[in-house]
Amino acid sequence: MSVATEAAQIRDLFEQIEEIEEVALTLHEDDVRRHKLAGVVARALRQAPPIRPVVAGELLDLTEKTVKAWAREGVLAISSQEPRMLLDAERLHEVLHLVSDLRRAGKSRGLLDEVHRRLSDLALLDRTDLAASLEQMHRGEGRVVRTG
Numbered sequence: 317m318s319v320a321t322e323a324a325q326i327r328d329l330f331e332q333i334e335e336i337e338e339v340a341l342t343l344h345e346d347d348v349r350r351h352k353l354a355g356v357v358a359r360a361l362r363q364a365p366p367i368r369p370v371v372a373g374e375l376l377d378l379t380e381k382t383v384k385a386w387a388r389e390g391v392l393a394i395s396s397q398e399p400r401m402l403l404d405a406e407r408l409h410e411v412l413h414l415v416s417d418l419r420r421a422g423k424s425r426g427l428l429d430e431v432h433r434r435l436s437d438l439a440l441l442d443r444t445d446l447a448a449s450l451e452q453m454h455r456g457e458g459r460v461v462r463t464g
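Residue numbers (my numbering): 317 to 464.
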C-alpha cells in the first residue's frame, strides 16, 4: 500500500475519532454517555493497525528521520521493531493532538521537548494519588509543609 493511501486511511480514522471526542466533550463529565464514547475511542485506537514511521511523518508533517528519533526518545510508542519499526496508533493520535495545538499556538521549533514535557504532565495528571491530593487541596484540607 502506498504511503499516501495509508496516510489517508489513518487520517480518516483519526478524523472519525476526533468527531466522537468532540461530541463527548459536549456532555457533562459525569454523564455515562461521555464515558461510553471515550470507551469507543479507546477501542478504535487499540484496534488500529501499527503505523509506519513514514506514514506518521506524513500525518505529523515531519520527516521520517524525525519521527524515528521521536520514537527512540519515547515520545512515540514503538509497537514493533522487527522486521521494521511500527508505531502505536493510540500514542500517535495523542502526539498529533499536541503537535497541532503547539503549531496553532505558533510553536514550530523545539517540538520534541515541548511534546515530551506535555506528555509527562499528562502522565502526572493521570495518577490517582495526585488527583486525590489536588481534590484535597481544592477543598482546603491538609496542612502547609515548609521545608528548610
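Heads up, the beta-carbon is just placed ideally off N, CA and C, and yes, glycines get one too. Please read these numbers as outputs of a predicted model, since none were measured by experiment.
Residue 390 and residue 433 have their alpha carbons spaced roughly 12 angstroms apart. Under the DSSP definition of a beta bridge, residue 396 partners with 402. If you draw a straight line from the Cα of residue 388 to the Cα of residue 457, it comes to about 42 angstroms. The DSSP assignment places 394-396 as complete runs of the beta strand (DSSP E) inside the segment 354-429, in order along the chain (cut-off: 3 residues). Non-local C-beta neighbours of residue 380 in its own chain, meaning closer than 7 angstroms and more than five positions away in sequence, comprise 369, 370 and 373, ordered along the chain. The three-state secondary structure of residue 318, taken from DSSP, is coil.
Ranked by Cα distance from residue 410, the first of 347, 393 and 342 is 393. The segment 398-417 makes contact with the segment 323-334, as at least three CB pairs between them are under 8 angstroms.
Within the same chain, Cβ atoms closer than 6 angstroms to the Cβ of residue 414 are found at 431 and 434, the five residues on either side in sequence being excluded. Exposed is the label assigned to residue 453, since fewer than 16 other Cβ atoms lie within 10 Å of its Cβ. Scanning its chain for C-beta atoms nearer than 8 angstroms, with the 5 sequence neighbours on each side dropped, one finds around residue 400 the residues 368, in chain order. In this structure, the beta-carbon distance from residue 357 to residue 337 falls below 8 angstroms.
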